[in-house]
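Student: Got a structure for you, written out below as structure tokens; questions coming shortly.
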Amino acid sequence: MAATLSKEQIVAFAQSQGLDLVGVANIERFAGAPQRMHPAEIFPECRSVIVVARRILRGNWRGIEEGTYWPTYTYFGYHGLLNSFFIPVGVYETACLLEDHGFEAVPYYPGVPETQPPDPPLRPGAVAPNVHLAIRIAGVAAGLGEIGWSKVFLTRKFGPRQRLAAILTDLELEPDPLLPPNTLCDQCMGCWEGCPSDAIPHLNDNDIVRIQIEDHVYEWGNTHMGRCTLCYHGGDPQVSPFLQKTLPGWEFDVTTQDVTEDAAYKLCWPVAHGSWRRTAEDPSGCLVEGHNQLIRWGGGEGAGSYAIEGSRGCMRSCFDHFERERMCEQEFAMGPFIQRERWLLGKRCQGES
Ligand code: SF4
Ligand code: SF4
């Protein structure tokens, strides 16, 4: 027999486990989700989706913003610890609390699928594996925030500075109110201006994604994930001093590419992981030594991801804008994040270290 457990108890417990924000969506709010992204295809008895957020420290980006230090962001603010430890521990403990009270709890790891395998269903009437939630849309459905123009998830507390995860449960909980569209994003186009790869469309391009949850229609820009991935994961000389050092004379313009997200990974990932013979010119033997070092901070071979570009526009420009306009609750004594002229390297590698 299940024991009672209130939403207030769950929220207080999750927060005591280091999760900063907690919201609840009822399963009905996923009515418009594609089948392979629907929580009930993972857990048919699911009644509520508890979506949680943990902040990304502003200071995680400081070294990249200044162009002087890369490991902190990948290690503390991305895959190294935040995605792989800080968030999952709180999610898991909260799931344990639910099961201690007799309610099944599926902790959901929001690793973003670039593709879903073209495999048939394993059982008649079921959808094919793997089912993945659109975690940012789940965050909107749970009333935690909204998706900004750049496709990044925004909250009142941190602007764009958080990562999300979820727990699916058969416990029926009162859903949190939805945030009306454009409560937070003022369509300033700071993300568009700051994006080095031209991945984020301008408002005037009218390239828009739309979803509906209950009677709210949410819209955001149709960000080009191929260009974004090329830039973020190390294919763009403009943002990688490591490429500049390793491939002097090579020129590559990410802003003119039109590859898919998956194709961009196929280019960046092996280059960052790969090795070649050791030479006097490159004694490490890594294809790109700096990228390879960052993979180790991200969790190592096969385990983690890594960030080279560090979301210059969609995160850093966006939260700087939030801070300048006093749009987010968390404020800093020193004022807005961007304190100095920003840097970008050339599209042709100069051999700089
Ligand atoms: S920078 Fe942030 S607030 Fe401005 S348009 Fe982009 S997502 Fe919206
Ligand atoms: S992560 Fe970087 S490249 Fe991708 S959309 Fe954001 S600013 Fe642009």
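Using my numbering, you'd call the opening residue of the sequence shown number 33 and step up by one each time. In this text, a Cβ means the ideal position worked out from N, Cα and C, and glycines have one as well.
1. Which of the three DSSP states, helix, strand or coil, is assigned to Tyr140?
2. Measuring from the CB of Glu341, is there a heavy atom of ligand 2 at a distance below 7 Å?
3. Grab the span of the beta strand (DSSP E) containing Thr201 for me, first residue to last.
4. Taking 7 Å as the line, does the beta carbon of Cys260 fall inside it for any heavy atom of ligand 1?
5. My output table needs one value for Ala365: the three-state DSSP class, helix, strand or coil.
6. Consider the C-beta atom of Asp218 and the heavy atoms of ligand 1; say whether any pair is separated by less than 7 Å.
7. Thinking just about the alpha-carbon of each residue, which of Met366, Lys277, Cys263 is nearest to the one in Ala339?
8. Tell me whether Asp352 is buried or exposed, calling it buried when 16 or more other Cβ atoms sit within 10 Å of its Cβ.
9. Which same chain residues end up closer than 8 Å to Arg79 when comparing Cβ atoms and leaving out the 5 residues on each side of it in sequence?
10. When burial is assigned at 16 or more other CB atoms within 10 Å of the CB, is Ser229 buried or exposed?
11. To the nearest angstrom, report how far apart Met221 and Leu235 are at their CA atoms.
12. Please classify Trp224: does DSSP put it in a helix, a strand, or coil?
13. CB-CB under 8 Å to Leu377, same chain, minus the five flanking residues each way: which ones, in chain order?
14. Report the rounded CA-to-CA distance for Pro213 versus Gly306, giving the unit in angstroms.
15. Suppose you measure from the CA of Gly177 to the CA of Glu313; what does that come to, to the nearest Å?
16. Suppose you measure from the CA of Ala158 to the CA of Val81; what does that come to, to the nearest Å?
17. Kindly indicate which three-state DSSP category Trp375 falls into: helix, strand or coil?
18. Using only CA atoms, which one of Val121, Cys217, Trp102 lies nearest to Gly253?
19. Cα separation between Gly109 and Asn115?
20. Evaluate the contact criterion for the stretch 87-96 versus the stretch 342-349: three or more CB pairs, one atom per stretch, below 8 Å.
21. Check each candidate in Trp329, Cys128, Val172 and name the one with the smallest Cα separation from Pro139.
22. Compute every distance between the C-beta of Ser182 and the non-hydrogen atoms of ligand 1, then say whether any falls below 7 Å.
23. Going along the chain, which residues of its own chain have a beta-carbon closer than 8 Å to the beta-carbon of Tyr107, five neighbours each way excluded?
24. Where Gly175 and Glu321 are concerned, what is the direct C-alpha to C-alpha distance, given to the nearest angstrom?
25. Going straight from the alpha carbon of Phe364 to that of Cys227, what length do you get?
26. Just checking His353 against ligand 1 - is the residue's beta carbon closer than 7 Å to any of the ligand's heavy atoms?
27. Where do the ends of the beta strand (DSSP E) carrying Trp308 lie?
28. Output yes or no for whether 8 Å exceeds the beta carbon distance between Thr261 and Ala296.
29. Select from Gln362, Pro315, Gly281 the residue whose C-alpha is nearest the C-alpha of Lys379.
30. Round the Cβ separation of Ala197 and Val291 to the nearest angstrom and send it over; I've been treating them as touching at under 8 Å.
31. Given the structure, does Ser229 come close to ligand 4, in the sense that its CB is under 7 Å from one of the ligand's heavy atoms?
32. Can you have a look at Thr36 and say buried or exposed, based on whether 16 or more other CB atoms are within 10 angstroms of its CB?
33. Considering just the uninterrupted stretch of the beta strand (DSSP E) at Tyr338, what are its terminal residues?
34. Name the one or two DSSP bridge partners that Glu283 has.
35. Do Phe190 and Gly171 have their CB atoms nearer than 8 Å?
36. Going by DSSP, what residues sit across from Val303 in a beta bridge?
Tutor: Reading from the atomic positions:
1. Here Tyr140 sits in strand by DSSP.
2. Glu341: yes, Cβ under 7 Å from ligand 2.
3. Note, Thr201: beta strand (DSSP E), 194-201.
4. Cys260: no, Cβ never under 7 Å from ligand 1.
5. If DSSP states are grouped into helix, strand and coil, Ala365 belongs with coil.
6. Asp218: yes, Cβ under 7 Å from ligand 1.
7. Comparing Cα-Cα distances from Ala339 to each of Met366, Lys277, Cys263, the minimum goes to Cys263.
8. By the neighbour-count rule (16 or more Cβ atoms within 10 Å), Asp352 is buried.
9. Residues of the same chain with a CB within less than 8 Å of the CB of Arg79, apart from the 5 flanking positions on each side, are Asn58, Ile59, Thr201, Asp202, Leu203, Glu204, Leu205 in chain order.
10. Counting other Cβ atoms within 10 Å of its Cβ, Ser229 reaches 16 or more and is therefore classed as buried.
11. Rounded to whole angstroms, Met221 to Leu235 spans 7 Å at the Cα level.
12. The answer is helix: DSSP assigns Trp224 an H, G or I state.
13. Contacts found: Pro269, Gln270, Val271, Ser272, Pro273, Gln276, Glu384.
14. Roughly 44 Å separates the two Cα atoms.
15. Each residue's Cα considered, the two are about 50 Å apart.
16. The alpha-carbon atoms of Ala158 and Val81 are separated by roughly 20 Å.
17. Here DSSP, grouped into helix, strand and coil, assigns Trp375 to coil.
18. Nearest neighbour of Gly253 by Cα position, chosen from Val121, Cys217, Trp102, turns out to be Cys217.
19. If you draw a straight line from the Cα of Gly109 to the Cα of Asn115, it is about 8 Å long.
20. Touching, yes.
21. Nearest C-alpha to Pro139: Cys128.
22. Flag set: Cβ of Ser182 near ligand 1.
23. Short of 8 Å from the beta carbon of Tyr107, and not among the five residues preceding or following it, lie these beta carbons of its own chain, in chain order: Leu113, Trp329, Gly330.
24. In a straight line, the C-alpha of Gly175 is about 42 Å away from that of Glu321.
25. C-alpha separation (whole angstroms): 24 Å.
26. At least one heavy atom of ligand 1 is nearer than 7 Å to the Cβ of His353, so yes.
27. For Trp308, there is no enclosing beta strand (DSSP E), as DSSP marks it with neither H nor E.
28. Between Thr261 and Ala296, the gap from beta carbon to beta carbon is short of 8 Å.
29. Nearest Cα to Lys379 within the set Gln362, Pro315, Gly281: Gly281.
30. With a beta-carbon spacing of about 29 Å, Ala197 and Val291 fall beyond the 8 Å limit used to define contacts.
31. This structure lacks ligand 4; the ligands present are ligand 1 and ligand 2.
32. That one is exposed.
33. Taken as a continuous stretch (DSSP letters only), Tyr338 belongs to no beta strand (DSSP E), as it is neither H nor E.
34. Its beta-bridge partners are Arg380.
35. Judged by beta-carbon spacing, Gly171 lies beyond the 8 Å limit of Phe190, meaning their Cβ atoms are not closer than that value.
36. Val303 is not bridged to any residue.
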